[in-house]
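Chemist: Let me give you the structure first, and then I'll get to my questions.
Protein chains: 2
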Amino acid sequence: MWTLMEEHLESIGIGAGILGTGGGGNPYVGQLRARQAMRENGAVEVLSPAEVPADARVICIGAIGAPTVGVEKIRDYQSYYALRALESFLGTTATALITNEIGGSSSVEVVVPASIAKLPIVDADGMGRAFPEIQMKTFFTYGIPCTPMALADEKGNTAIISQAVNARWVERLARSLTVQMGSVACYAVAPMSAHQVRETAVPHTLSLARDLGQAVQRARNLHENITEAILGVCGGKVLFQGKISDVERRTTEGFSRGKVSIGGTGEYQGHQMTIEFQNENLIALVDERVVCVVPDLICLTDDRGEPMTTERLRYGFRVTVFGFPSPELWTTAEGLAVVGPKAFGYNLDYTPLEL
Amino acid sequence: MWTLMEEHLESIGIGAGILGTGGGGNPYVGQLRARQAMRENGAVEVLSPAEVPADARVICIGAIGAPTVGVEKIRDYQSYYALRALESFLGTTATALITNEIGGSSSVEVVVPASIAKLPIVDADGMGRAFPEIQMKTFFTYGIPCTPMALADEKGNTAIISQAVNARWVERLARSLTVQMGSVACYAVAPMSAHQVRETAVPHTLSLARDLGQAVQRARNLHENITEAILGVCGGKVLFQGKISDVERRTTEGFSRGKVSIGGTGEYQGHQMTIEFQNENLIALVDERVVCVVPDLICLTDDRGEPMTTERLRYGFRVTVFGFPSPELWTTAEGLAVVGPKAFGYNLDYTPLEL
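Taken in sequence, the protein lines are chains L and Z.
Just remember that this note's numbering sits 96 ahead of the position in the first sequence, which is counted from 1.
Just remember that this note's numbering sits 96 ahead of the position in the second sequence, which is counted from 1.
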């Protein structure tokens, strides 16, 4: 157990921003909201999965929508409204919360309701990174019910998807509500037991995000090599370095979709990387050869180790592109069926990142 | 009190089809489903508003979507699923049901859950006709809460709009869910007391639909004048007679929208009527002069008195166009704000139909 204090938010923002593979929402915007909630309501306890009491009811909190909108739209405590709407639907209360993804602002969205409702959060998540669609969670992939799910906006609308054919239908219904709610909403989803969390969540990812962020901060302060600091925490490797030469992006159907082209510099001079994204980076090619593909992580930072989320991508930025291996829960047949390259429309088998 | 038997369904289909002002869904399709439910579960009692017990919980049942889709898409007992989802959300059960609108298939949709759940229905509705949008109900206009609302499709998805800024937001969220659910869904909405039903519903409209249908059937059988039979029950007047010369129609955003042109015949020879619709007929012009506008009823029949709903409109059909005065609950300032010409984007004040 550790206590998540205001001072951790910046580290987690950096770490989760990197692990968010370009998505999960702008980390800075998420931090501001979490900081405000903690100032008003206090710090939040973090339990490792092993520490979650056997009789716990762990509710998953997330944000849904287009990061391009999330960075502009004012949100208040809508994830807390979603939690309360779900609890009232269930006629029961949560005893702990868990984030749906470790990525960008989403990883600290859970801090808002946790702080207000004085609930601990579990040091784990349902992705081990960020993914664009609601059904793309280890929880649902390994048998946790995807309903009921409560959604809330900042205006005073709440809706509950009480029953759905499958998790893809939850995504479909939730996405259409989200578009109406202004392309960003927050949600709370059916409670899990401690056993279910231990079986289906990607463990220790909040600590990982914090450690990664702290390593970057330390390297910055000590003028050490930031790239090595990142690799030291996450494993993985550098896929490319260069300057953004083009960004195509559109905010459509509740997503940011597009691709970014990067002209190589240094040892990558003369080569070109292209990365395609749907909120998150999905596939990276160097000179049209695939070098990394979902569910492996494709993560961009600037030269200060600051995460480059997809909505921040601009012509001229210098970036380092990292590849990190996927959590093991995603590289099974069940996992790849949900988040493998084919699930995103690529006619491609998953080949693990060469390390 | 009277008992709604299988034999009433055809009369109600004709009557509600006419009163539905082109919308409310294809009456024949609705009848088939109601007939099936009644064969399996028995007839349904109908209470006049005065007969509803003081402690009743009356839940409103409706269908939402595009009639063009409703006529093709197979539905099962999804209005019953919506009722059960709402009851389970509320932790209480209905003691009576009421239809949201008297029009087309919608007016007998309520028979399905009433028959299955053995509940009486109230002889009244929330429109006194049909309207395309959910907020367009006398209930909501006169202060009945518009949430929670449960929606269900035939696939096994249910959702609940648990809280909304206002009834327009309910429409917006429900419509987007409906599009995902396949452009037709059924809903159940917050219970009313007997007093609330008596204050806010348009009374006796189910009997009116039955009587109107029976008058048409009688005139057909006795080879009497069908037009006069219709006017004898509803009041109002004939606005036009002629042959459909053009239909523009598109199914978009969960609605059928378009317009129909009618070349006059008989005493209307040399004139042209144009009717614009959004599921329901909204405005009728003769030679570009407005002759009838919402909330007054613009109702088309063929020469057998069979209702011409907007999805049946075709080139070459001979039609009679009736104008009937609006229920009084709609011609107040509050009513016109919700369903007057301006609510549909016409820069026009409401002028009552000249009789």
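Glycine included, every Cβ here is placed at the ideal spot set by N, Cα and C.
No experiment lies behind these values; they were computed from the predicted model shown.
Indicate whether at least one CB of chain Z lies closer than 8 Å to the CB of ILE212(L).
Modeler: No, ILE212(L) does not count as interfacial toward chain Z.
Chemist: Can you grab the Cα-Cα spacing for the pair PRO421(Z) / GLU344(Z), in whole Å?
Modeler: For PRO421(Z) and GLU344(Z), the distance between alpha carbons rounds to 26 Å.
Chemist: Would you report the Cα separation of ALA181(Z) and SER258(L), rounded to the nearest angstrom?
Modeler: Approximately 8 Å, taken between the alpha carbons.
Chemist: Taking Cβ to Cβ, would you say ASP399(Z) is nearer than 8 Å to ARG414(Z)?
Modeler: Taking 8 Å as the Cβ cut-off, ASP399(Z) and ARG414(Z) qualify as a contacting pair.
Chemist: Should PHE351(L) be flagged as near chain C, meaning a C-beta pair shorter than 8 Å?
Modeler: Going by chain labels, chain C is absent from the structure shown, which instead holds the protein chains L and Z.
Chemist: Could you list the residues in the segment 188 to 202 of chain Z with a C-beta less than 8 Å from some C-beta on chain L, going in chain order?
Modeler: Within the segment 188 to 202 of chain Z, no residue qualifies.
Chemist: Compute the distance between the beta-carbons of VAL218(L) and ILE240(L), then report whether it is under 8 Å.
Modeler: Not a contact, by the Cβ cut-off of 8 Å.
Chemist: Are the CB atoms of THR301(Z) and ILE198(Z) within a distance shorter than 8 Å?
Modeler: Closer than 8 Å, so yes.
Chemist: Just to confirm the assignment: which complete beta strand (DSSP E) runs, minimum length 3, are found wholly within the segment 167 to 231 of chain Z?
Modeler: Runs found: 192 to 195 and 217 to 221.
Chemist: Give the DSSP-derived three-state secondary structure of PHE440(Z) in the structure shown.
Modeler: It is helical.
Chemist: Pick from LEU327(L), THR406(L), ARG314(L) and ALA325(L): whose alpha carbon is nearest that of SER357(L)?
Modeler: Closest option to SER357(L), Cα to Cα, is THR406(L).
Chemist: So which residues of chain L does PHE185(Z) contact, with C-beta pairs closer than 8 Å?
Modeler: Result: PHE185, ILE256 and SER258.
Chemist: Cβ of ASN377(L) less than 8 Å from any chain Z Cβ?
Modeler: By this cut-off, ASN377(L) is not an interface position.
Chemist: Would a check of beta-carbon distances place ALA433(L) closer than 8 Å to chain Z?
Modeler: So no, ALA433(L) is outside the interface.
Chemist: Nearest by alpha-carbon distance to GLU141(L): which of SER289(L), GLY109(L), LEU215(L) and LEU318(L) is it?
Modeler: The residue with the shortest Cα to Cα distance from GLU141(L) is LEU215(L).
Chemist: List, in chain order, every chain Z residue whose beta-carbon is nearer than 7 Å to that of SER272(L).
Modeler: Chain Z residues near SER272(L): SER272, LEU273, VAL275 and GLN276.
Chemist: Under a Cβ-count criterion, where at least 16 other Cβ atoms within 10 Å of its own Cβ denotes burial, should PRO149(Z) be classed as buried or exposed?
Modeler: It counts as exposed.
Chemist: First and last residue of the beta strand (DSSP E) that includes MET287(Z)?
Modeler: Per the sequence shown, residue 287(Z) should be read as Pro rather than Met. Here the beta strand (DSSP E) through PRO287(Z) covers 280 to 288.
Chemist: What separation, rounded to the nearest whole angstrom, lies between the Cα atoms of ILE230(Z) and GLN365(L)?
Modeler: Looking at the two C-alpha atoms, the distance is approximately 60 Å.
Chemist: What number of angstroms, rounded off, separates the C-alpha of GLY309(Z) from the C-alpha of SER202(Z)?
Modeler: Approximately 16 Å between the Cα atoms of the pair.
Chemist: Taking the alpha-carbon positions, what's the VAL389(Z) to ALA192(L) distance?
Modeler: Roughly 56 Å between the two C-alpha positions.
Chemist: Given that a residue counts as buried once 16 or more other Cβ atoms are within 10 Å of its Cβ, and exposed if not, what is ASN253(Z)?
Modeler: Classification of ASN253(Z): buried, given that the 10 Å Cβ count is 16 or more.
Chemist: Assess contact between the segment 372 to 379 of chain Z and the segment 432 to 446 of chain Z, defined as three or more Cβ pairs (one per stretch) separated by less than 8 Å. Is contact present?
Modeler: Flag = yes, the segment 372 to 379 of chain Z and the segment 432 to 446 of chain Z touch.
Chemist: Measuring alpha carbon to alpha carbon, tell me which of TYR173(L), ARG316(L) and PRO209(L) ends up nearest THR189(L).
Modeler: Nearest C-alpha to THR189(L): PRO209(L).
Chemist: With 16 other CB atoms within 10 Å as the buried threshold, where does ALA433(Z) fall?
Modeler: Under this definition ALA433(Z) is an exposed residue.
Chemist: Compare the beta carbon distance of ALA325(L) and VAL334(L) with 8 Å and say whether it is the shorter of the two.
Modeler: Not in contact: ALA325(L) and VAL334(L) (Cβ atoms no closer than 8 Å).
Chemist: When the distance is taken between beta carbons, is ALA112(Z) closer than 8 Å to ALA79(Z)?
Modeler: Outside the modelled stretch of chain Z, which goes from 97 to 451, sits residue 79(Z), for which no answer is possible.
Chemist: Once DSSP output is grouped into helix, strand and coil, what is the label at ASN45(L)?
Modeler: Shown here, chain L extends from 97 to 451; a query on residue 45(L) therefore has no answer.
Chemist: When you compare each of TYR173(Z), CYS156(Z) and THR347(Z) to VAL125(Z) by their alpha carbons, which one comes out closest?
Modeler: Per the Cα distances, TYR173(Z).
Chemist: Going along the segment 277 to 311 of chain L in order, which residues come within less than 7 Å of chain Z, judged by CB to CB distance?
Modeler: Residues passing the 7 Å Cβ filter: none.
Chemist: Out of curiosity, what's the CA-to-CA distance linking ALA431(Z) and GLY158(L)?
Modeler: Note that residue 431(Z) is Gly in the sequence shown, not Ala. Each residue's Cα considered, the two are about 40 Å apart.
Chemist: Name the one or two DSSP bridge partners that MET245(L) has.
Modeler: According to DSSP, MET245(L) bridges with ILE257(L) and VAL285(L).
Chemist: Output needed for TYR283(L): all residues of its chain with C-beta closer than 7 Å, excluding positions within five of it in sequence on either side, in chain order.
Modeler: Closer than 7 Å at Cβ, skipping near neighbours: GLY158, ILE160, ALA178, MET245, ALA246, LEU247 and ALA270.
Chemist: In this structure, what does DSSP give as the bridge partners for TRP265(L)?
Modeler: For TRP265(L), which the question treats as bridged, DSSP gives no partner whatsoever.
Chemist: Is LEU115(Z) near CYS395(Z), with beta carbons less than 8 Å apart?
Modeler: Yes, these two residues count as a Cβ contact at 8 Å.
Chemist: Using a 10 Å radius around the Cβ and a threshold of 16 neighbouring Cβ atoms, would you call MET97(L) buried or exposed?
Modeler: Exposed: under 16 other Cβ atoms inside 10 Å.
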